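Asker: Below is one structure. I have some questions about it.
Chains as they are written, first to last, in this note's numbering: chain A, 144 to 274; chain B, 862 to 1185.
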């Protein structure tokens, strides 16, 4: 009742602003719900973000670096380097990542692939990997 | 109502996915990815300390890397004398000398020509002919690199230095010193899997997984540690294959060929520089002699995975292994 009375006192412009803001709230809430830690991967080259993708959608990306193209594969919520122009292929040997806080790197091609966020405690049983 | 709507909108907007009590930053340095992670109620107050730690590692890379022609290591590798090595370079060489002596020459600072020959420095990996290996090993042996009155003296003018087995660990130690100086009490510095832990993980030890040397993506075991350095050397890190045979980058200074006694070695010590050199040396020596060498160092523990997969450890570690 109070809301109805308040609504009646608002001008058209007030109503438009309130409705717009509520709409934005709804969109924001939906986005928050659908993007938790570990939902995205980010690729940086020499410190700049050059690629973003959802982990949930299978895709591939060719990422240019100083020595050539690094082929990235996103599949079943995991990310891996499929091919790389670097000499030692350490980036391929790093395997797949899927948890927040994990990363892949091709140092010669200056490509850094991360899943932003902090890995939930107990998810993999350790804090850091010595290798 | 407008204020309420704005507040609601602010609440609903997607937030950056970060733990407010963790500061995590990464940089590519020393041929790998370096991650510094700080745990604190207000970790952002250490942003500038992290900047300084990264800057120090970058400075050391320029000083110690064979990839920079003007680095001190490159200049010390030239036949001409280089009279003014920095105290940092001398500190790295002293760690290497100590481990070279303890390992009776299995670890050596004078392997620059050999690692270049195998293609582990500039690429083009290949199996060298035995004559080439003999040439690259000329002058190599215990005492081939000595320090006299602040000057580096080599057994031969053409002996090239290789501090790859110490430099990364030493740089980690320098970064940790700067973080501690700034008041950091709980943090990790992770340079491509070589670790140094500052304090504990806010009330519990850090849980450190040790990479399984034959199953990528799996851990061999877990160790719970506080305020330690953990460095692992493995034959799976950098290698190439010829006719189905794998040749990895950890070379035995006594033979000139990749060492064959171990799959991996993990060393736990107070400093990453020493742990780095000891892990390489123990790997070359193999499980038995490697353990014996590690026992000479107080406050050092080690875990060696032999070529056949058997795991042996120093006595202090045996009871602390947590198998998956």
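Positions of the beta carbon are idealized from the N, C-alpha and C atoms, including for glycine.
Since the model is a prediction, treat every value here as computed from it, not as a measurement.
Assign residue 150 of chain A to buried or exposed, taking buried as 16 or more other Cβ atoms, counted over all protein chains shown, within 10 Å of its Cβ.
Answerer: Along the first chain, one-based indexing puts residue 150 of chain A at 7. Exposed is the call here.
Asker: First and last residue of the alpha helix (DSSP H) that includes residue 974 of chain B?
Answerer: Position 113 of the second chain holds residue 974 of chain B. Here the alpha helix (DSSP H) through residue 974 of chain B covers 973–978.
Asker: Closer than 7 Å between beta carbons: that is the criterion. Which residues of the segment 1055–1089 of chain B meet it against chain A?
Answerer: 1056, 1062, 1067, 1068, 1069, 1070, 1071, 1072, 1077, 1078, 1080 and 1083
Asker: So residue 1030 of chain B and residue 273 of chain A are supposed to be a Cβ contact under 8 Å. How far apart are they, rounded?
Answerer: Position 169 of the second chain, counting from 1, holds the residue named residue 1030 of chain B. Position 130 of the first chain, counting from 1, holds the residue named residue 273 of chain A. Between the beta-carbon of residue 1030 of chain B and that of residue 273 of chain A there is about 12 Å, and that puts the pair past the 8 Å contact cut.
Asker: Which whole-angstrom value is the C-beta distance of residue 1145 of chain B and residue 968 of chain B, which I expect to be below 8 Å?
Answerer: Translated into positions along the second chain, residue 1145 of chain B becomes position 284. Translated into positions along the second chain, residue 968 of chain B becomes position 107. Yes, they are in contact, since the Cβ atoms of residue 1145 of chain B and residue 968 of chain B sit about 6 Å apart, within 8 Å.
Asker: Taking the alpha-carbon positions, what's the residue 261 of chain A to residue 241 of chain A distance?
Answerer: Your numbering for residue 261 of chain A matches position 118 in the first chain. Your numbering for residue 241 of chain A matches position 98 in the first chain. Whole-angstrom Cα-Cα distance: 12 Å.
Asker: Less than 8 Å between the CB atoms is what I'm expecting for residue 1078 of chain B and residue 238 of chain A, so what's the real figure, rounded?
Answerer: Indexing the second chain from 1 puts residue 1078 of chain B at position 217. Indexing the first chain from 1 puts residue 238 of chain A at position 95. So it is a contact: roughly 5 Å between Cβ atoms.
Asker: Using 8 Å as the limit for Cβ to Cβ distance, is residue 918 of chain B near chain A?
Answerer: Start at 1 with the first residue of the second chain, and residue 918 of chain B comes out as number 57. No - not a single Cβ of chain A is within 8 Å of the one on residue 918 of chain B.
Asker: When the cut-off is 8 Å and only beta carbons count, does residue 208 of chain A lie next to chain B?
Answerer: Along the first chain, one-based indexing puts residue 208 of chain A at 65. With 8 Å as the cut-off, residue 208 of chain A does not count as an interface residue toward chain B.
Asker: Measure the beta-carbon distance from residue 1033 of chain B to residue 1052 of chain B and round it to whole angstroms, keeping in mind my assumption that it falls under 8 Å.
Answerer: On the second chain, position 172 is the one that residue 1033 of chain B refers to. On the second chain, position 191 is the one that residue 1052 of chain B refers to. Yes, they are in contact, since the Cβ atoms of residue 1033 of chain B and residue 1052 of chain B sit about 5 Å apart, within 8 Å.
Asker: Quick one: which unbroken alpha helix (DSSP H) runs of 4-plus residues sit fully inside the segment 1083–1166 of chain B? Chain order, please.
Answerer: Listed in chain order, the complete alpha helix (DSSP H) runs (minimum 4 residues) inside the segment 1083–1166 of chain B are 1133–1146 and 1148–1155.
Asker: According to DSSP, simplified to helix, strand and coil, what is residue 1171 of chain B?
Answerer: One-based indexing of the second chain puts residue 1171 of chain B at position 310. In this structure, residue 1171 of chain B counts as coil in the three-state DSSP scheme.
Asker: Measuring only the C-alpha atoms, how far is residue 1141 of chain B from residue 200 of chain A?
Answerer: Taking the first residue of the second chain as 1, we reach residue 1141 of chain B at position 280. Taking the first residue of the first chain as 1, we reach residue 200 of chain A at position 57. Residue 1141 of chain B and residue 200 of chain A: Cα-Cα distance of roughly 42 Å.
Asker: Just the Cα atoms here: how many angstroms apart are residue 1151 of chain B and residue 1056 of chain B?
Answerer: Your numbering for residue 1151 of chain B matches position 290 in the second chain. Your numbering for residue 1056 of chain B matches position 195 in the second chain. Cα to Cα, the separation comes out at about 21 Å.
Asker: I need the boundaries of the beta strand (DSSP E) containing residue 205 of chain A, first residue and last residue.
Answerer: Numbered from its first residue, the first chain carries residue 205 of chain A at position 62. Residue range 202–208 is occupied by the beta strand (DSSP E) that includes residue 205 of chain A.
Asker: Quick check on residue 270 of chain A: buried or exposed, where buried means 16 or more other Cβ atoms within 10 Å of its Cβ?
Answerer: The residue given as residue 270 of chain A occupies position 127 in the first chain. Burial state of residue 270 of chain A is buried, judged by a 10 Å Cβ sphere holding 16 or more other Cβ atoms.
Asker: Note down the Cα distance separating residue 169 of chain A from residue 160 of chain A, rounded to an integer number of angstroms.
Answerer: One-based indexing of the first chain puts residue 169 of chain A at position 26. One-based indexing of the first chain puts residue 160 of chain A at position 17. Answer to the nearest angstrom: the Cα atoms are 14 Å apart.
Asker: The beta strand (DSSP E) with residue 907 of chain B in it runs from where to where?
Answerer: For the purposes of this step, residue 907 of chain B is taken as residue 46 along the second chain, with counting starting at 1. No beta strand (DSSP E) holds residue 907 of chain B; DSSP gives it neither H nor E.
Asker: Would you mind giving the Cβ-Cβ distance between residue 184 of chain A and residue 224 of chain A, rounded to the nearest angstrom? I have them listed as a contact below 8 Å.
Answerer: If you number the first chain from 1, residue 184 of chain A lands on position 41. If you number the first chain from 1, residue 224 of chain A lands on position 81. Between residue 224 of chain A and residue 184 of chain A the Cβ distance is about 12 Å, and since that is not below 8 Å, they are no contact.
Asker: Can you tell me which of the three DSSP states residue 274 of chain A falls into?
Answerer: Taking the first chain and counting its residues from 1, the one referred to as residue 274 of chain A is at position 131. Residue 274 of chain A falls in the coil class under three-state DSSP.
Asker: Sorted by chain position, which residues of the same chain lie with C-beta nearer than 6 Å to residue 1046 of chain B's C-beta, five sequence neighbours on each side aside?
Answerer: The sequence position of residue 1046 of chain B within the second chain is 185, counting from 1. 1060.
Asker: Consult DSSP for residue 920 of chain B and reduce its assignment to one of helix, strand or coil.
Answerer: Here residue 920 of chain B corresponds to residue number 59 of the second chain, with the count starting at 1. If DSSP states are grouped into helix, strand and coil, residue 920 of chain B belongs with the helices.
Asker: Alpha carbon to alpha carbon, how far is residue 804 of chain B from residue 1104 of chain B?
Answerer: As shown, chain B starts at 862 and ends at 1185. That puts residue 804 of chain B outside it, with no answer to give.
Asker: Tell me whether the segment 949–957 of chain B and the segment 1108–1116 of chain B touch, counting them as touching only if at least three CB pairs, one residue from each stretch, are closer than 8 Å.
Answerer: no
Asker: Below 8 Å on the Cβ atoms is my guess for residue 971 of chain B versus residue 1022 of chain B; work out the distance and round it to an integer in Å.
Answerer: Position 110 of the second chain, counting from 1, holds the residue named residue 971 of chain B. Position 161 of the second chain, counting from 1, holds the residue named residue 1022 of chain B. In this structure residue 971 of chain B is in contact with residue 1022 of chain B, their Cβ atoms being roughly 6 Å apart against a cut-off of 8 Å.
Asker: Whose C-alpha, out of A:236, A:227 and A:220, is nearest the C-alpha of residue 258 of chain A?
Answerer: Here residue 258 of chain A refers to the residue found at position 115 of the first chain. Of the listed residues, the one whose Cα sits closest to residue 258 of chain A is A:220.
Asker: In the DSSP output, what is residue 1061 of chain B paired with across the bridge?
Answerer: Here residue 1061 of chain B refers to the residue found at position 200 when the second chain is read from its first residue. Answer is none; residue 1061 of chain B lacks a bridge partner.
Asker: For residue 1050 of chain B, which option in B:1129, B:884 and B:896 has the closest C-alpha, if you only look at C-alpha atoms?
Answerer: Here residue 1050 of chain B refers to the residue found at position 189 when the second chain is read from its first residue. Ranking the options by Cα distance to residue 1050 of chain B, first place goes to B:896.
Asker: Does residue 1157 of chain B come within less than 8 Å of chain A when only Cβ atoms are used?
Answerer: Looking up residue 1157 of chain B in the second chain gives position 296. It does not: the Cβ of residue 1157 of chain B has no partner Cβ on chain A nearer than 8 Å.
Asker: Pull out every residue of the segment 886–912 of chain B whose Cβ sits closer than 7 Å to any Cβ of chain A, in chain order.
Answerer: Residues of the segment 886–912 of chain B whose Cβ lies closer than 7 Å to any Cβ of chain A, in chain order: 887, 889, 892, 893 and 894.
Asker: Would you report the Cα separation of residue 1118 of chain B and residue 1037 of chain B, rounded to the nearest angstrom?
Answerer: As a position in the second chain, residue 1118 of chain B is number 257, starting the count at 1. As a position in the second chain, residue 1037 of chain B is number 176, starting the count at 1. Cα-Cα distance, rounded: 34 Å.
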